[in-house]
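Those sequence lines, one after another, are chains B, F, G and P. Under my numbering, the letters of the first sequence match residues 245 to 546, in that order. Under my numbering, the letters of the second sequence match residues 245 to 546, in that order. Under my numbering, the letters of the third sequence match residues 245 to 546, in that order. Under my numbering, the letters of the fourth sequence match residues 245 to 546, in that order. What follows is a single structure, written as structure tokens, with notes after it.
There are 4 protein chains.
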Amino acid sequence: MSQPLRGIIPPLVSPLRDRDSLDVAGLERLVEHLIQGGVSGLFVLGTTGEGPSLSYRLRRELVERACKQAAGRVPVLVGITDTAFTESVNLARFSADAGATHVVLAPPYYFPAAPPEMLEYVQDLVSEMPLPLFLYNMPGLTKVSFEIDLVRRALDMPGVCGVKDSSCDMIYFHRLLEVARQREDWSVLVGPEELTAEAVLLGGHGGINGGANLHPKLYVEMYQAAAAQDLKRTRELHAQVMQLAGAIYTVGRHKSAIIKGIKCGLSLLGICEDHMAEPFHRFRDAEREIIRERLVTLGLLR
Amino acid sequence: MSQPLRGIIPPLVSPLRDRDSLDVAGLERLVEHLIQGGVSGLFVLGTTGEGPSLSYRLRRELVERACKQAAGRVPVLVGITDTAFTESVNLARFSADAGATHVVLAPPYYFPAAPPEMLEYVQDLVSEMPLPLFLYNMPGLTKVSFEIDLVRRALDMPGVCGVKDSSCDMIYFHRLLEVARQREDWSVLVGPEELTAEAVLLGGHGGINGGANLHPKLYVEMYQAAAAQDLKRTRELHAQVMQLAGAIYTVGRHKSAIIKGIKCGLSLLGICEDHMAEPFHRFRDAEREIIRERLVTLGLLR
Amino acid sequence: MSQPLRGIIPPLVSPLRDRDSLDVAGLERLVEHLIQGGVSGLFVLGTTGEGPSLSYRLRRELVERACKQAAGRVPVLVGITDTAFTESVNLARFSADAGATHVVLAPPYYFPAAPPEMLEYVQDLVSEMPLPLFLYNMPGLTKVSFEIDLVRRALDMPGVCGVKDSSCDMIYFHRLLEVARQREDWSVLVGPEELTAEAVLLGGHGGINGGANLHPKLYVEMYQAAAAQDLKRTRELHAQVMQLAGAIYTVGRHKSAIIKGIKCGLSLLGICEDHMAEPFHRFRDAEREIIRERLVTLGLLR
Amino acid sequence: MSQPLRGIIPPLVSPLRDRDSLDVAGLERLVEHLIQGGVSGLFVLGTTGEGPSLSYRLRRELVERACKQAAGRVPVLVGITDTAFTESVNLARFSADAGATHVVLAPPYYFPAAPPEMLEYVQDLVSEMPLPLFLYNMPGLTKVSFEIDLVRRALDMPGVCGVKDSSCDMIYFHRLLEVARQREDWSVLVGPEELTAEAVLLGGHGGINGGANLHPKLYVEMYQAAAAQDLKRTRELHAQVMQLAGAIYTVGRHKSAIIKGIKCGLSLLGICEDHMAEPFHRFRDAEREIIRERLVTLGLLR
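Structural data, given as structure tokens:
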């Protein structure tokens with residue numbers, strides 16, 4: 245686990261049976277589906293995993309079972325983002341004990357911290373971490389970014405091992421790569437799957453892509469083509485990823501359509517249940533039928 | 245406690261000794277300071293109380309001790325806003341057992357719910373509540389508003405008893421009043437203290453105003469003047485509230501300056517400590533000195 | 245005209261016959277309708293007047309005819325906001341020659357100027373003005389505000405005579421009043437009509453309210469009640485204004501619904517045509533029918 | 245001129261001697277500098293050209309002189325974006341008469357049009373155009389985007405020839421490419437230069453990049469490497485572009501720093517004056533000295 249992460253690390257959906265119970269068998273199938281798809285790691289309790297919407301009890305159960313199922317075959321990253329410092333530390337410690345390999349931290353998402361406040365926050369938190377930490381830039385949901393200057397300062401913080409950027413801002417991403425060039429052991433990963441091809445072609449190390457839950461092989465192959473600088477093949481696979489995203493994420497009218505679409509698809513594929521944590525609810529039959537047809541068109545379902 | 249709330253209900257700061265310990269004596273002094281100042285209730289774990297930044301353990305301790313100290317003399321409202329449904333329910337039940345009288349709910353603040361999703365969320369949550377619930381509109385920090393249509397639907401939800409509006413949007417506030425006119429037992433309260441005068445002059449029922457931590461009597465008198473429709477006196481007291489807010493909330497450069505200023509002032513007044521929960525830190529000596537001078541100018545400190 | 249403006253100054257809609265021709269008779273009727281309604285001035289080429297959407301030729305024609313029709317009975321204010329400095333100056337000079345009494349300036353609305361840039365801009369522009377100038381704060385459409393510090397600096401700029409605030413932010417408005425208290429010859433006016441009551445009750449000088457196009461008398465009476473500190477009457481009239489705004493501005497689905505609603509109403513009242521400047525188009529028959537019914541309900545149409 | 249545009253088309257700065265006079269010799273030198281640098285066209289009156297900040301007289305003078313100097317050697321594109329429909333049409337006609345080859349239209353930037361309103365607007369405007377039109381997506385300054393659905397509809401509008409996207413949103417850009425694949429005669433160009441490499445690697449047709457004013461050859465070579473799918477060379481040149489942008493655009497504190505930096509650099513290179521149109525002003529000596537040093541470091545100045 246001491247090598248830097250490279251490749252596709254799916255942000256796992258959190259399979260639920262109802263409001264506060266895990267779909268245990270579904271989680272196990274999902275982990276197997278992803279590892280067999282060739283992924284380089286598993287990221288639990290991220291945005292796609294509805295992490296902040298789960299009770300603390302459920303979060304811990306999910307971490308424990310995911311680590312157990314992964315059984316050391318691939319690294320397990322755990323999202324520890326929280327508005328309460330102590331709770332982030334608590335979950336990080338629990339995750340280390342459960343066998344996770346990395347933690348992932350987005351800014352606290354109630355109060356927006358100003359840049360100097362954020363720097364102090366990260367410094368204080370990193371010093372309490374039992375595992376290597378990824379900074380997770382997600383301004384669309386946390387209101388604020390980790391500024392490039394903070395990332396530059398983080399180069400000297402023991403325990404920080406890279407950045408996941410879900411800002412959709414590729415200028416920011418290229419600046420991250422400039423900064424991270426000084427640390428070969430860092431990983432700079434991109435969030436939205438539509439941007440993984442260019443991110444890797446221009447020096448990034450992989451993607452934390454929601455759609456990889458559904459079709460891990462496609463994302464892994466796209467990563468490999470880009471990492472091998474096979475531009476022609478990368479473009480073909482990027483077109484397929486664009487098609488999958490365009491098909492599955494546009495069924496609902498709200499922003500929640502992405503996670504709902506992935507979970508609905510996984511349910512149709514027989515992998516796990518599609519119960520959503522509040523404030524969301526799973527797709528009703530009409531939307532489910534559209535997802536079914538699109539999975540057929542995409543060749544993922546017969 | 246069955247009467248609708250009217251008047252000033254301060255959102256208590258959370259007195260801390262360090263990252264995860266309550267300044268118990270400070271909390272007790274604060275509660276006494278406020279009750280002696282004539283307030284109509286106490287609101288704990290709101291935004292001014294840095295609720296989302298506290299560990300769950302600390303939140304429960306604070307609820308318990310605040311209720312104990314209030315000892316039934318005034319209602320105690322508890323903020324139960326959370327990104328996880330089950331945790332909101334857990335804290336509401338704990339609060340009811342501890343002697344709180346109301347709970348206060350802002351939208352979950354990680355994923356922004358679209359209006360129909362929010363309606364379902366509120367319906368589901370209200371049905372689990374052991375205490376009357378206030379809707380707390382705070383779009384600046386939760387990204388989304390409770391739309392007026394949702395509030396209209398909430399008129400028929402047993403257990404909803406009013407709205408606290410911190411949007412700073414007085415058009416929205418007037419629409420709330422139109423809706424709430426049908427329910428004499430509801431309370432429509434305003435957040436920012438600079439707006440309490442006009443809110444009450446035009447039909448609102450009071451304010452949940454951070455500055456009342458420092459000087460409860462001023463806010464209570466302003467409320468009483470406005471409720472009595474004494475316009476001349478209301479304007480005088482409103483000018484004083486504007487002066488206090490302008491003096492104390494503008495010392496720091498960041499948005500956190502408001503809470504930092506209030507806590508620093510309370511520390512200078514000898515009421516409680518000014519430790520801040522992460523991601524913030526208390527004012528350093530330079531800012532503290534400015535706050536001291538301004539409290540002197542305001543006549544709150546010699 | 246040397247007295248400070250007090251009262252209701254409607255932002256006139258711009259009556260159009262088609263894309264680039266004025267409905268001259270409609271404009272004349274509108275001016276008469278407003279003056280007979282007791283307004284304290286006329287504001288042309290504001291937001292409600294779709295000023296930025298009109299060709300320069302048409303803007304000048306409208307200024308000229310409005311001034312001619314007003315014939316000195318009330319002040320005429322002209323919006324000179326432009327992204328090009330020289331064009332603002334040109335229109336100000338034209339307006340002075342045509343008999344206008346004041347000009348009104350919002351920030352240039354393509355490039356957002358930072359506070360020090362804005363200060364230089366206002367200083368440079370004011371020095372070229374042939375008429376007293378109002379600062380027009382409209383961040384929703386110009387992206388940036390005139391900061392309170394800039395307004396404070398403007399106290400010493402010869403030629404600035406007040407502020408119109410359409411930010412909907414009453415805290416900002418109260419800070420404006422604090423600043424303007426030093427200049428009895430200034431006017432601090434509020435934009436959205438839903439806020440005029442409280443603005444005047446707490447020290448403001450009047451309103452530039454779109455709905456006054458339709459029913460000037462209502463707005464004038466509300467202003468007079470508030471200025472006379474008759475709180476009971478102010479509340480009654482404020483409720484009527486809320487009702488009118490709630491009825492007429494909510495028919496279309498887009499933000500343009502306000503101007504479309506006012507123009508449609510004026511057309512139904514027989515005052516002027518309702519052609520809209522691009523990028524908007526007048527209401528179709530279905531929406532027009534709803535507006536008709538609501539005007540009947542409001543007692544403005546039989 | 246009937247071939248689709250491919251390559252680098254710099255958005256020319258507008259060389260000014262003072263508020264309302266063109267630096268004619270500077271413009272001529274700039275045009276020669278760019279054509280000798282190998283650019284595929286010239287775009288005047290864009291954002292970098294401070295188009296909306298210039299008087300109408302000056303805009304026409306600039307169009308006329310740029311076309312005369314270009315003398316048919318490369319296409320000349322003219323920004324006709326305006327808040328007034330008729331003025332866009334007027335400038336388009338003037339440009340056609342002056343010898344321009346294309347016009348470029350961003351959404352009207354005062355009133356934000358909703359999608360159906362924008363569609364009508366574009367349809368109406370396109371039908372009046374004497375030249376092929378590019379849609380220019382620039383939501384950061386115009387508040388609204390041309391939605392992908394509108395672009396899809398524009399495939400069937402005679403006279404539309406492509407899109408320039410300055411949204412910085414590469415997911416949007418990839419969706420544009422999917423749509424435009426049906427029209428080989430369209431050009432899909434990207435705004436920010438930091439994104440041109442990936443845009444072209446994945447199927448885009450070129451860039452409208454501000455930095456190309458300073459160093460056209462670098463941008464043209466980067467385009468050519470990317471168009472030739474030479475990934476290694478593209479990465480080297482992209483790194484140089486990132487370096488130039490990082491050096492020149494970060495001197496001022498405000499958003500205006502980009503245009504100020506480019507103009508200041510051009511002045512130091514002896515190409516044209518650096519007077520800025522209001523609301524901006526040129527860099528003072530301190531910033532100019534920093535730009536000078538950075539140009540030396542970049543090898544552009546000795």
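Don't be surprised by glycine CBs; every beta carbon is placed ideally from N, CA and C. Remember, it's a predicted structure, so these values are computed and weren't measured experimentally.
(request) Output the distance between the C-alpha atoms of Met-245 (chain B) and Pro-376 (chain B), rounded to the nearest integer angstrom. (result) Model confidence at Met-245 (chain B) stands at a pLDDT of 45, short of 50, so the residue's coordinates are unreliable; what they give is reported in the following sentence. Between Met-245 (chain B) and Pro-376 (chain B), the C-alpha separation is close to 11 Å.
(request) Express the C-alpha separation of Val-288 (chain P) and Leu-302 (chain P) in angstroms, rounding to a whole number. (result) 12 Å
(request) Could you work out which residue in G:Gly-435, G:Val-404 and G:Val-320 is closest to Asn-381 (chain G) when comparing CA atoms only? (result) Looking at the Cα atoms, G:Gly-435 is the closest of the given residues.
(request) Report the rounded CA-to-CA distance for Gly-455 (chain G) versus Leu-385 (chain F), giving the unit in angstroms. (result) Rounded to whole angstroms, Gly-455 (chain G) to Leu-385 (chain F) spans 32 Å at the Cα level.
(message) Could you check whether the Cβ of Ala-469 (chain G) sits closer than 8 Å to any Cβ belonging to chain F?
(response) no
(message) Checking 8 Å against the spacing of the C-beta atoms, do Glu-438 (chain P) and Val-495 (chain P) come in under that value?
(response) Taking 8 Å as the Cβ cut-off, Glu-438 (chain P) and Val-495 (chain P) do not qualify as a contacting pair.
(message) Please give the ranges of any alpha helix (DSSP H) in the segment 341-385 of chain P, keeping only runs that are unbroken, at least 4 residues long and fully inside the region.
(response) Segments of the alpha helix (DSSP H) lying fully in the segment 341-385 of chain P: 359-370.
(message) Taking a contact to mean a Cβ-Cβ separation below 8 Å, would you say Asp-267 (chain F) touches Cys-516 (chain F) in this structure?
(response) yes
(message) Once the 5 residues before and after Met-466 (chain F) are set aside, which same chain residues still bring their CB inside 7 Å of it?
(response) Closer than 7 Å at Cβ, skipping near neighbours: Thr-440, Ala-441, Thr-478, Leu-481, His-482 and Val-485.
(request) Have a look at B:Ile-452, B:Ala-310 and B:Pro-460 and flag the residue whose alpha-carbon is nearest the alpha-carbon of Ser-410 (chain B). (result) The option with the nearest alpha carbon to Ser-410 (chain B) is B:Ile-452.
(request) Please list, in chain order, all residues of the same chain as Asp-429 (chain G) whose beta carbon is under 6 Å from its beta carbon, the five residues on each side excluded. (result) Within the same chain, Asp-429 (chain G) has close Cβ partners Pro-248.
(message) Give me the chain B residues within the contact set of Ala-398 (chain F), using Cβ-Cβ distance strictly less than 9 Å, ordered along the chain.
(response) The contacting residues do not exist; Ala-398 (chain F) stays about 15 Å from chain B at best.
(message) Is the separation between the beta-carbon of Lys-408 (chain B) and that of Gly-282 (chain B) shorter than 8 Å?
(response) When the beta-carbon positions are compared, Lys-408 (chain B) and Gly-282 (chain B) stay at least 8 Å from each other.
(request) Going by CA-CA distance only, name the one from F:Tyr-300, F:Leu-298 and F:Ala-310 that's closest to Gly-285 (chain F). (result) F:Ala-310
(message) Tell me the DSSP secondary structure of Met-245 (chain P) in three-state form.
(response) Residue confidence for Met-245 (chain P) is low, a pLDDT of 45 falling below 50, so the modelled location carries little weight; the figure read from the coordinates is stated next. Three-state result, Met-245 (chain P): coil.
(request) Show which residues of chain G have a CB atom less than 7 Å away from the CB atom of His-482 (chain F). (result) Here the neighbours are Leu-446.
(message) Within the continuous beta strand (DSSP E) that includes Gly-406 (chain P), where are the two ends?
(response) 404-409
(message) Could you check whether the segment 392-406 of chain F touches the segment 415-423 of chain G, counting it as contact only if at least three pairs of C-beta atoms, one from each stretch, sit closer than 8 Å?
(response) no
(request) Could you tell me whether the Cβ of Ser-411 (chain F) comes closer than 8 Å to any Cβ of chain B? (result) No, because no Cβ of chain B sits closer than 8 Å to the Cβ of Ser-411 (chain F).
(request) Give me whichever residues DSSP pairs with Leu-286 (chain B) in a beta bridge. (result) B:Val-320
(request) Check each residue of the segment 409-441 of chain B: if its Cβ is closer than 8 Å to any Cβ of chain P, include it; give the result in chain order. (result) Cys-412, Asp-413, Met-414, Ile-415, His-418, Arg-419, Glu-422, Pro-436, Glu-438, Leu-439 and Ala-441
(message) Please state whether the Cβ-Cβ distance between Gly-406 (chain P) and Met-373 (chain P) is less than 8 Å.
(response) no
(request) Counting only runs of 4+ residues fully inside the segment 424-501 of chain F, write out the alpha helix (DSSP H) ranges in chain order. (result) Every alpha helix (DSSP H) stretch that sits fully inside the segment 424-501 of chain F and reaches 4 residues is listed by chain position as 440-445, 460-471 and 475-492.
(message) Between the alpha carbons of Gly-514 (chain B) and Arg-526 (chain B), how many angstroms are there, rounded?
(response) 15 Å
(request) Report the neighbours of Ser-339 (chain G) on chain P: residues whose CB is nearer than 9 Å to its CB, in chain order. (result) Residues of chain P passing the Cβ test: none, with the nearest at roughly 17 Å.
(request) With a cut-off of 8 Å on the beta carbons, I'd call Ser-258 (chain F) and Leu-321 (chain F) a contact; round off their distance for me. (result) Actually they are not in contact, since the Cβ atoms of Ser-258 (chain F) and Leu-321 (chain F) sit about 14 Å apart, beyond 8 Å.
(request) Kindly list, in the order they appear in chain F, the residues whose Cβ is closer than 7 Å to that of Ala-368 (chain B). (result) The question names Ala, but residue 368 (chain B) in the sequence shown is Asp. Within 7 Å Cβ-Cβ: Glu-522.
(request) Find the residues of chain G that neighbour Met-486 (chain F), judging by a C-beta separation of less than 7 Å, and give them in chain order. (result) His-418 and Glu-422
(message) Does Arg-546 (chain P) come out as helix, strand or coil in the three-state DSSP assignment?
(response) Here Arg-546 (chain P) carries a coil assignment [DSSP, helix/strand/coil].
(message) Would Ala-357 (chain F) and Val-347 (chain F) qualify as a contact pair, given that the criterion is a beta-carbon distance under 8 Å?
(response) Against a cut-off of 8 Å, the Cβ pair of Val-347 (chain F) and Ala-357 (chain F) comes out as no contact.
(message) Tell me which residue opens and which closes the beta strand (DSSP E) that Leu-274 (chain G) is part of.
(response) Premise fails: Leu-274 (chain G) lies in the alpha helix (DSSP H), 268-280, not in any beta strand (DSSP E).
(request) Pull up the DSSP beta-bridge partners for Ser-339 (chain P), would you. (result) For Ser-339 (chain P), which the question treats as bridged, DSSP gives no partner whatsoever.
(request) With a threshold of 16 other CB atoms inside 10 Å of the CB of Thr-291 (chain B), please say whether the residue is buried or exposed. (result) buried
(request) Quick one: grab the DSSP three-state call for Asp-393 (chain F). (result) helix
(request) Would you kindly report the start and end of the unbroken beta strand (DSSP E) that includes Leu-260 (chain F)? (result) 260-262
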